[in-house]
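Just so it is clear: in the sequence shown, position 19 is 21 by my numbering, and no numbers are missing. Have a look at the structure below, then the notes.
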Amino acid sequence: MEKAGTDIRKVTIKASDLRGILEYVPIYRGQTFVIALDGAIIAGANFANVVTDIAVLRSLGINVALVHGIGRQLVDGARERGIAISDAHGENPVDDATISLSRKISGFVAQAIADAFSARDLRCVSANVVRATEVGIISGVNYLNAGKPEKIDFKAISDLLSLGMVPVLSPVAVNRHGRVFRLNSDALASEVAEGLRATKLIYLTLSSGILAGNPHPKAFPVEELRGLVENSPESIKPELLSKCRCALKALDGAHTRRAHILDGGEFACLLTELFEKVGCGTMIYADEYQKIRRATPDDANAIYHISMVSARTQNLVYRPLGEIRENISSYFVYELDSSIIAIVSLLDLGEGAAELASLHVQPFYQGNDVGTRMAEFIEREARRTGFKRLFCLSTKSAPFFTDVCGFAEVSPEKLPKARLEKYVAGGRHSKVFVKDL
């Protein structure tokens, strides 16, 4: 991965990279993404590359609305001026000194964004489309100049998008009487995403992975993340808790189905997350992002190529393409964003028994419980179909089947007669496992 500050104009783009991007163009064209930029991203060395990523999105026909933060700039500005501020992010009471400085800083940040956009020949406009109202008094605490959106002019934002503009929304807004309030940019972005019926809400921050002590990206279903936020918030990095809550709020609506939290200091983070299968950040999804389904004849080639990977390492028996096509109805596939990442088959062995066979997960996705889900699915399918016993054979995965999936190792003689004959003829000497259903 390139270091922050790398100039995209010096990076060679391979044909395979373009092919991967073009695969998504029909899916994303005409859709709207709301991107929330922390102030630290705008102040960082990689900001020019983030703007270049946004330029790529616009060139592909994707509408982008931008919500910016000012936290980093507010802290730096207060230090330079010797001012004590009461809050940097619009989450706590905002005193008069803080709101006065916030107003100035917001203008500076908006101009920095406009300058960066102009350098990439992108058109943006600072949109005064948010009317604020006071947060008021909560649990006896007066939040002073802290505000929240009272009304957002979504038609005006949509009109700007239709003109090819990138609307830029500030976390500072006025009420109907002209009083200035400081808003939390995470919460504002969440409301903008839902109101625009945006496909994606994307937070760019300076953190990789949302779990404390775990920098790795992960995809969370809404309810799993909600459980962490409500029951064990300490498991989430403190600086990302607000974003998680706001992402959940957006996904609770009827329109925005995915939210992403990315390390905006990472080169090409937006393009990597959106156009590569693995991505680079944390995705929270409300739709059926992950799906196991019965294979169709159109899946035969993909199943063949996936099984070949495992056959080379002798994890699976080699099966010709013709054989896969003939038995396609026995296969199930795990689909991720329209790509098959895992396969498995359910075979009728007779005598009330079935076999879990051809289980393979693409290397990039191993270790993410995909294999476990496939095995559990086949077990449920076998039980639903009326089988009484479920067998599986393996030369290398005994711990997975016994310790994870709950199978018991048995003698090959326990196999139904026809399958035992095939087992002996094959000469692989696989271990045999069974589970009573």
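Every residue gets a Cβ at the ideal spot worked out from N, C-alpha and C, and that includes glycine.
- Look at the stretch 352-435 and you find these whole runs of beta strand (DSSP E), each 3 residues long or longer: 355-363, 391-396, 410-412.
- Rounded to whole angstroms, the gap between the alpha carbons of Leu124 and Leu163 is 13 Å.
- The shortest CA-to-CA distance from Ser209 to any of Arg421, Pro223, Asp40 is the one to Asp40.
- For Cys248, the enclosing alpha helix (DSSP H) starts and ends at 243-253.
- Looking at the DSSP output, His70 shares a beta bridge with Leu39.
- Note on Asp89: 16 or more other CB atoms within 10 angstroms of its CB, so buried under the neighbour-count rule.
- Between Lys390 and Gly429, the C-beta gap is not smaller than 7 Å, which leaves the two residues out of contact.
- In the DSSP assignment, Cys126 is bridged to Val168.
- Taking C-beta separations shorter than 7 Å and ignoring five residues to either side along the sequence, the partners of Arg178 in its chain run Arg133, following chain order.
- Across the structure, Ala221 and Cys282 are spaced so that their CA atoms are roughly 10 Å apart.
- Checking the DSSP bridge columns, you'll see Ser347 partnered with Tyr333, Ala359.
- Arg375 is not a Cβ neighbour of Leu439, given a cutoff of 7 Å.
- Within the same chain, Cβ atoms closer than 7 Å to the Cβ of Pro223 are found at Tyr287, the five residues on either side in sequence being excluded.
- At least 7 Å separates the beta-carbon of Leu190 from that of Thr34.
- Shown here, Gly109 sits in a helix according to DSSP, grouped into three states.
- Assigned with DSSP and collapsed to three states, Leu213 falls in strand.
- For the pair Ser347 and Ser331, the CB atoms are not nearer than the 7 Å cut-off.
- Under the 10 Å beta carbon count, Glu226 is surrounded by fewer than 16 other beta carbons and is classified as exposed.
- Every beta strand (DSSP E) stretch that sits fully inside the stretch 150-211 and reaches 3 residues is listed by chain position as 168-171, 174-176, 182-184, 202-207.
- Rounded to whole angstroms, the separation of the alpha carbons of Glu357 and Phe393 is 5 Å.
- For Arg259, no beta strand (DSSP E) segment is defined, and its DSSP state is neither H nor E.
- Bounds of any alpha helix (DSSP H) do not take in Val132; it lies within the beta strand (DSSP E) bounded by 132-136.
- Taking the Cβ atoms as the reference, Leu68 lies roughly 15 Å from Leu165, outside the contact range of under 8 Å.
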